[in-house]
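Peer 1: Numbering (the working numbering), first residue to last: 16 to 146. Heads up, the beta-carbon is just placed ideally off N, CA and C, and yes, glycines get one too. Treat the numbers as computed from the prediction; the structure is a model and nothing was measured.
Below, the structure is given as structure tokens:
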């Protein structure tokens with residue numbers, strides 16, 4: 016099984032919150048865990064937010080980002096995904112950065128792990144598996 020992990024699901028796994036057990040189970044059973052390269056920016060931004068809003072220390076924020084990065088086996092170049100992602104974003108009135116994950120899942124016949132309900136609905140319409 017191929018899993019595409021977005022940051023919303025990754026944060027739940029890292030902090031043992033929400034549906035973390037479901038996501039963790041999928042990650043553990045996956046042959047490979049993929050993410051588009053934008054994941055680096057998103058996970059580090061999430062770590063920054065936990066520093067600013069939740070009071071994580073700098074050290075804990077860096078660890079959160081590093082642990083999140085280590086969940087991914089292979090990063091997919093955004094250069095290879097941007098055009099198809101832009102078209103889906105336009106067609107579905109949804110941000111390109113989310114559609115990068117959608118396209119990554121579609122191209123690799125993967126299961127997209129995300130908490131984003133609108134993204135899940137778009138994936139359902141496009142017959143892309145989500146969890």
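1. What residue ranges within the region 37–114 form continuous alpha helix (DSSP H) runs of no fewer than 4 residues, ordered along the chain?
2. If we count Cβ pairs, one from each stretch, closer than 8 Å, do we get three or more for the region 20–30 versus the region 42–50?
3. By how many angstroms is the C-alpha of residue 119 removed from the C-alpha of residue 91?
4. Can you list, in chain order, the residues of its chain whose CB lies under 6 Å from that of residue 88, leaving out five sequence neighbours each side?
5. If you check the beta carbons only, do residue 117 and residue 38 fall under 8 Å apart?
6. In angstroms, rounded to a whole number, what distance separates the CA positions of residue 67 and residue 113?
7. Pick out whichever of 140, 131, 59, 77 has its Cα sitting closest to the Cα of residue 33.
8. Let me know if residue 70 comes out buried or exposed under the rule of 16 or more other beta-carbons within 10 Å of its beta-carbon.
9. Give the DSSP-derived three-state secondary structure of residue 143 in the structure shown.
10. Which one or two residues does DSSP pair with residue 137 in a beta bridge?
11. From residue 107 to residue 78, what distance separates their C-alpha atoms?
12. When the Cα atoms are used, what is the spatial distance from residue 110 to residue 55?
Peer 2: If we stick to the structure as given:
1. With a minimum length of 4 residues, the continuous alpha helix (DSSP H) runs that stay inside the region 37–114 are 53–68, 73–85, 97–107.
2. Yes: the two stretches touch, three or more of their Cβ pairs being nearer than 8 Å.
3. By one-based count along the chain shown, residue 91 stands at place 76. By one-based count along the chain shown, residue 119 stands at place 104. Cα atoms of residue 91 and residue 119: separation of roughly 8 Å, rounded to the nearest angstrom.
4. As a first step, residue 88 must be located in the chain shown, where it is residue number 73. 47, 48, listed in sequence order.
5. For the purposes of this step, residue 117 is taken as residue 102 along the chain shown, with counting starting at 1. For the purposes of this step, residue 38 is taken as residue 23 along the chain shown, with counting starting at 1. Not a contact, by the Cβ cut-off of 8 Å.
6. Indexing the chain shown from 1 puts residue 67 at position 52. Indexing the chain shown from 1 puts residue 113 at position 98. Going by the C-alpha atoms only, they are around 23 Å apart.
7. Residue 33 sits at position 18 when you count from the first residue of the chain shown. Of the candidates 140, 131, 59, 77, the one whose C-alpha sits nearest the C-alpha of residue 33 is 131.
8. Sequence index remark: in the chain shown, residue 70 carries index 55 (1-based). Classification of residue 70: exposed, given that the 10 Å Cβ count is below 16.
9. Position 128 of the chain shown, counted from the first residue, corresponds to residue 143. It is coil, neither helix nor strand.
10. Start at 1 with the first residue of the chain shown, and residue 137 comes out as number 122. Note: residue 137 sits in no beta bridge, so no partner.
11. Within the chain shown, the letter at position 92 stands for residue 107. Within the chain shown, the letter at position 63 stands for residue 78. Straight-line spacing of the CA atoms in residue 107 and residue 78 works out to 35 Å.
12. Your numbering for residue 110 matches position 95 in the chain shown. Your numbering for residue 55 matches position 40 in the chain shown. The alpha-carbon separation between residue 110 and residue 55 amounts to approximately 17 Å.
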